[in-house]
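According to the numbering used here, the stretch in the sequence shown is residues 720 to 806, in order.
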Amino acid sequence: MSSLVRTANLAHDLLDATRKLDFLAPLLLRLFLAIVFIAAGWQKAGSFEATVAWFGNPDWGLGLPMPWLMAFLAVSAELVGGFLLLF
Numbered sequence: 720m721s722s723l724v725r726t727a728n729l730a731h732d733l734l735d736a737t738r739k740l741d742f743l744a745p746l747l748l749r750l751f752l753a754i755v756f757i758a759a760g761w762q763k764a765g766s767f768e769a770t771v772a773w774f775g776n777p778d779w780g781l782g783l784p785m786p787w788l789m790a791f792l793a794v795s796a797e798l799v800g801g802f803l804l805l806f
């Protein structure tokens, strides 16, 4: 019975030691998402006219109203949101 208690105490101590690394998973997720958002926004900003055409075309695109405004909002949200995830 004492070996079972020792094993349980050892497992508890090991799990308690991992609490020092609680910040690591959210940090890595934020860095990953920041890279994805910034890359997507940068790509949309680089070919802004093609993005506007894709947003506005009802046949092969999204068919959104006011495609210029929607593309601007998408680029802004992705770039600003990506940079804000870094802080």
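Backbone N, C-alpha and C define an ideal beta-carbon position, used for all residues, glycine too.
query: Chain-order list of residues whose beta-carbon lies under 7 Å from that of Leu804 (same chain, five-residue window excluded); result: Arg749, Leu752, Ala753 and Phe756
query: Touching by the beta-carbon criterion (3+ pairs, under 8 Å), the region 791-806 and the region 758-766; result: yes
query: Endpoints, alpha helix (DSSP H) assigned at Asn776; result: Neither: Asn776 is in no alpha helix (DSSP H) and is coded neither H nor E.
query: Backbone secondary structure at Leu810 - three-state DSSP; result: With the chain running from 720 to 806 in the structure shown, residue 810 is simply not present.
query: Helix, strand or coil at Met785 [DSSP, three-state]; result: coil
query: Proximity of Gly780 and Phe774 at Cβ, strictly below 9 Å; result: yes
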